[in-house]
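Everything below concerns the one structure shown next.
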Amino acid sequence: MQDRDDGMRFQGRIIRADNLKLMARLPEECCDLIYVDPPFCTGKEQTQGDGRHKFADYWPGGLQAYLEFLQPRLERMHRLLKPTGSLYVHLDWRAVHYVKVRLDEIFGADHFLNEIVWSYRTGGLSKRWFARKHDTILLYARRAGKHKFKVQRAGAFRTDGMNYDEQGRPYKQTRAGRLYFHPDGPALTDVWEIPFLSTVSLERTGYPTQKPEALLERIIQASSEPGDLVADFFCGSGTTPAVARRLGRRWLACDISAAAVRLTQSRVRQEKTLV
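Just so we're aligned, residue 33 is where the sequence shown starts under my numbering, counting upward by one.
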């Protein structure tokens, strides 16, 4: 990689590269939204199915080596965000608390917005501790208060005793009068119950650690608008660019794995833009 440029030629591309080198070529404040799902510091090889898609999550220096790997990449992501931009970092119990300390230092603790809990049900229970059935997604704004955010809702209410007025607005009759509800349902909180991809899911690509499209739909719709640039520098199975394209966002994807890049290219070609 040579000199930096305006970044335009990277939009809509899936690039095989060391993401740190790629990010060094991109101009500051070019991204509206960044979502990353880096290795979780599991200390083992991640594989699934026939083993075509796998990656090593070994860190010979342990947690410290893992954090030293992430630190410059998180710093670069901070510089790539527009003042209205947001960063979502997807982790689990192994490293999330340590990474949050680093992110507080990079962004400033005042720009931390949410610790999102993605709760799911999968097989396997432990007899030695409570079953670990959630991931954690840290949400930071480049400048809290100026960041883009659209409240996401859970869908129309479905409950006994619901009525609708002449304008079609849902309500319940109470002793004090009509109690109105938002037509799109209650606002979502920071606990998200989205099903984990089963082994027979139609979305399944065979890539380990693949995330469901519903998860990325929620993130992209909440923190970006049509035409915004959405970036994923650990794109893996390609869920982020596939969903971003379908939702009418510009996108940029990167992974160091040739297999991940080929898989992402295939997924993106299958998506159709909605807007």
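We put the beta carbon where it would ideally sit given N, CA and C, even for glycine.
Model, not experiment: these values are computed from the prediction.
Which residues does DSSP list as the beta-bridge partners of residue i?
i	result
Asn146	Leu171
Asn195	Tyr203
Asp287	Arg48
Arg185	Ala219
Please return the same chain residues whose Cβ sits closer than 6 Å to the Cβ of residue i, not counting the five positions on each side in sequence.
i	result
Leu248	Thr271, Thr272 and Val275
Arg299	Gly270 and Ala274
Glu107	Ile138
I need the DSSP call for residue i, collapsed to helix, strand or coil.
i	result
Ser118	strand
Ile138	helix
Gln103	helix
Val300	helix
Asp35	For Asp35, the predicted structure reports a pLDDT of 47, less than 50, and the residue's modelled location is therefore unreliable. The matter cannot be settled from this model.
Lys243	coil
Glu61	coil
Ala88	strand
Ser256	coil
Gly94	helix
Tyr130	helix
Arg210	strand
Leu234	coil
Ala274	helix
Go through its chain and collect everything with a Cβ distance to residue i's Cβ below 7 Å, but skip five positions before and after it.
i	result
Ala254	Phe181, Lys182 and Gln184
Arg164	Trp125
Between which residues of its own chain and residue i is the CB-CB distance below 8 Å, once the five residues before and five after are set aside?
i	result
Cys73	Asp89, Trp91, Leu95, Tyr98, Arg126 and Ala127
Can we say the stretch 171-179 touches the stretch 112-131, given the rule of at least three CB pairs closer than 8 Å?
yes
With three or more beta-carbon pairs closer than 8 Å as the criterion, would you say the stretch 60-69 touches the stretch 116-125?
yes
Three or more C-beta pairs closer than 8 Å, one from the stretch 44-52 and one from the stretch 228-243: is that the case here?
no
Would you check if the stretch 284-298 and the stretch 91-98 touch, i.e. whether three or more CB-CB distances between them fall below 8 Å?
no
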